[in-house]
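Q: Residues in the sequence shown are numbered from 1 upward in steps of one, following full-length UniProt numbering.
Glycine included, C-beta positions come from ideal geometry on N, C-alpha and C.
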Amino acid sequence: MKKTLSLLMAAFMVLFLAACGGGDTDTDNAGDTGGDTGEAKKIRAGIGLNDAHPQYQSLLKFKELVEERTNGQIEVETYHSSQLGDDRTMTEALQLGSQEVTIPSTAPLVNFVPEFAVFDFPFLFPSEEVADTVLDGEVGQKFLGMLEDQNLVGLAYWENGFRDVTNSVRPIATAADFKGLKLRTMENQVHLEAFQALGANPTPMAFGELFTAMQQGTVDGQENPYATINLQKYYEVQDHVSNTHHIYSPFVFLMSKSFFDSLTEEQQQIVKDAAVEAGQHNRELNRKTNAESLEALQENGMTFTEVSPEAHAEMKELVQPVIDKYADQVGADLVQEVYDAIEAAQ
Ligand code: TK8
1 MKKTLSLLMA
11 AFMVLFLAAC
21 GGGDTDTDNA
31 GDTGGDTGEA
41 KKIRAGIGLN
51 DAHPQYQSLL
61 KFKELVEERT
71 NGQIEVETYH
81 SSQLGDDRTM
91 TEALQLGSQE
101 VTIPSTAPLV
111 NFVPEFAVFD
121 FPFLFPSEEV
131 ADTVLDGEVG
141 QKFLGMLEDQ
151 NLVGLAYWEN
161 GFRDVTNSVR
171 PIATAADFKG
181 LKLRTMENQV
191 HLEAFQALGA
201 NPTPMAFGEL
211 FTAMQQGTVD
221 GQENPYATIN
231 LQKYYEVQDH
241 VSNTHHIYSP
251 FVFLMSKSFF
261 DSLTEEQQQI
271 VKDAAVEAGQ
281 HNRELNRKTN
291 AESLEALQEN
301 GMTFTEVSPE
311 AHAEMKELVQ
321 PVIDKYADQV
331 GADLVQEVYD
341 AIEAAQ
């Protein structure tokens, strides 16, 4: 009897000590002052695109730079293909401290900082080079500063790229061809209303649900840069692609502010420099991949339709009322600052 009792007591003590031992809970990093335990800090970095995409290849570059420069004091775990959720969910996870890095397009960020809507104004940036200059300059950095109130730190701009429309119904050469098309958009009111103004029937949807929605015919089409269309194998469920080039999408390299604040000054500089340097690598690789992807899409069976300058001009005219409406939301002065920066960069 006594032996059983002592065995039970021993088992209880083991369980009790294990419970107090903590293990790798989500809050391990939150508020971690780092350094005292000598344990490596962990960055859980998640994105929606798959592991073939330049965004993920550039995230691996970030991982390499951070782990090397901190001598392993910070470890980076990378997750692709929406494994940790969609852009909005992952951004919320950064706010809660259960994830440390994600890199969404600016469009879903409008749900956290409405001013980012300016980057969804159709036909805003005339080229990638102008976008780089504006985003990396004073105006772009001002927008990153607005994230801090949301417990987010914007470390750098990466590149998603110029967005182009695909669909499984008809070739799109002019605005009239959008009529009635069920197009998936990112969860962003400007995108939604711009495609309504073009005559389409848009549906906001998380990126991770898109392929199945096209496969099942829930939506007729979507819009993304050529590299995404090809690397996510949308050619398997889409017949037509056009060079609408209607919006240039930046990515924002986001870090949880509570995690960033838990780093030493030296570690903060290392993660910021790594996000910027991996971002330069991202822009180069993304442009190269986008340039090669239209031909790949046609080789994979898609029909390409050219949108003429006249058709582009008509699309710009049709979406202008949407831009005017959301310029008020962003703030006329801030919108003018962006326009002036674009003018100066040309
Ligand atoms: C991936 C998305 C994607 C974006 C979209 O997480 O949602 O269509 O263009 O790149 O951020």
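#1: State the beta-bridge partners of Thr78 as determined by DSSP.
#2: Going by the beta-carbon positions, is the gap between Asn282 and Glu115 smaller than 8 angstroms?
#3: Applying the criterion that 16 or more other CB atoms from any shown protein chain within 10 Å of the CB defines a buried residue, is Lys41 buried or exposed?
#4: Give me the Cβ distance between Leu254 and Thr102, rounded to the nearest whole Å; I'm assuming they're in contact under 8 angstroms.
#5: Quick one: does the C-beta of Thr244 sit closer than 7 angstroms to a heavy atom of the ligand TK8?
#6: Closer than 6 angstroms by C-beta to Glu77: which residues in its own chain qualify, once you throw out the five before and the five after it? Chain order, please.
#7: Report back the beta-carbon spacing between Ala278 and Ser58 to the nearest angstrom; my notes put them in contact at under 8 angstroms.
#8: Quick one: is Gln83 buried, meaning 16 or more other Cβ sit within 10 Å of its Cβ, or exposed?
#9: Considering only heavy atoms of the ligand TK8, list every residue whose Cβ is less than 6 angstroms from one of them, following chain order.
#10: Check whether the Cβ atoms of Ser249 and Arg163 lie closer than 8 angstroms to each other.
#11: Using only the alpha-carbon positions, how far apart do Gln99 and Ser256 sit?
#12: Going by the beta-carbon positions, is the gap between Leu155 and Val66 smaller than 8 angstroms?
#13: Which residue marks the beginning of the alpha helix (DSSP H) containing Phe260, and which one marks its end?
#14: Roughly how many angstroms lie between the CA atoms of Thr166 and Glu310, to the nearest whole one?
#15: Where does Ala194 land, buried or exposed, given buried means 16+ other C-beta within 10 angstroms?
#16: Express the C-alpha separation of Gly38 and Lys233 in angstroms, rounding to a whole number.
#17: Answer yes or no: do Phe112 and Thr91 have a C-beta to C-beta separation smaller than 8 angstroms?
#18: Do you know offhand how far Gln196's Cα is from Ala313's?
#19: Work out the CA separation of Ile47 and Gly208 for me, nearest whole Å.
#20: When we look at the beta-carbon of Ala131 and count the other beta-carbons within 10 Å, is it buried (16 or more) or exposed?
A: A quick look at the data gives this:
#1: Here residue 78 refers to the residue found at position 78 of the sequence shown. DSSP lists Ala45 as partners of Thr78.
#2: For this step, residue 282 is matched to residue 282 along the sequence shown. For this step, residue 115 is matched to residue 115 along the sequence shown. No; because the gap between Cβ atoms is not below 8 angstroms, this pair is not in contact.
#3: On the sequence shown, residue 41 is found 41 positions in, with the first residue counted as 1. So Lys41 ends up on the buried side.
#4: In the sequence shown, residue 254 corresponds to position 254, counting from 1. In the sequence shown, residue 102 corresponds to position 102, counting from 1. Going by Cβ atoms, the distance from Leu254 to Thr102 rounds to 5 angstroms, so yes, they are a contact pair.
#5: To locate residue 244, count along the sequence shown from 1; it is residue 244. No; taking the cut-off as 7 angstroms, the Cβ of Thr244 has no heavy atom of the ligand TK8 nearer than that.
#6: As a working mapping, residue 77 is identified with position 77 in the sequence shown. Arg44, listed in sequence order.
#7: For this step, residue 278 is matched to residue 278 along the sequence shown. For this step, residue 58 is matched to residue 58 along the sequence shown. Confirmed, about 5 angstroms.
#8: Along the sequence shown, read from residue 1 onward, the residue named residue 83 stands at position 83. Flag for Gln83 reads exposed.
#9: Ile47, Gly48, Leu49, Asp87, Pro104, Ser105, Asn160, Met186, Phe207, Asn224, Thr228, Ser249
#10: Walking along the sequence shown from the start, residue 249 turns up at place 249. Walking along the sequence shown from the start, residue 163 turns up at place 163. Closer than 8 angstroms, so yes.
#11: Residue numbering aside, residue 99 sits at position 99 when the sequence shown is read from its first letter. Residue numbering aside, residue 256 sits at position 256 when the sequence shown is read from its first letter. One C-alpha to the other measures close to 7 angstroms.
#12: The residue labelled residue 155 in the question sits at position 155 within the sequence shown. The residue labelled residue 66 in the question sits at position 66 within the sequence shown. Cβ atoms of Leu155 and Val66: not closer than 8 angstroms.
#13: In the sequence shown, residue 260 corresponds to position 260, counting from 1. First-last of the alpha helix (DSSP H) with Phe260: 257-262.
#14: By 1-based counting over the sequence shown, the position of residue 166 is 166. By 1-based counting over the sequence shown, the position of residue 310 is 310. Those two C-alpha atoms are separated by around 20 angstroms.
#15: The residue you call residue 194 lines up with position 194 of the sequence shown. Ala194 should be labelled buried.
#16: Residue mapping note: residue 233 aligns to position 233 of the sequence shown, counting from 1. Residue mapping note: residue 38 aligns to position 38 of the sequence shown, counting from 1. Their Cα atoms are separated by approximately 44 angstroms.
#17: By one-based count along the sequence shown, residue 112 stands at place 112. By one-based count along the sequence shown, residue 91 stands at place 91. A contact, by the Cβ cut-off of 8 angstroms.
#18: In the sequence shown, residue 196 corresponds to position 196, counting from 1. In the sequence shown, residue 313 corresponds to position 313, counting from 1. So the two alpha carbons sit approximately 17 angstroms from each other.
#19: In the sequence shown, residue 208 corresponds to position 208, counting from 1. In the sequence shown, residue 47 corresponds to position 47, counting from 1. Between Gly208 and Ile47, the C-alpha separation is close to 10 angstroms.
#20: Counting from one through the sequence shown, the residue named residue 131 turns up at place 131. Classification of Ala131: buried, given that the 10 Å Cβ count is 16 or more.
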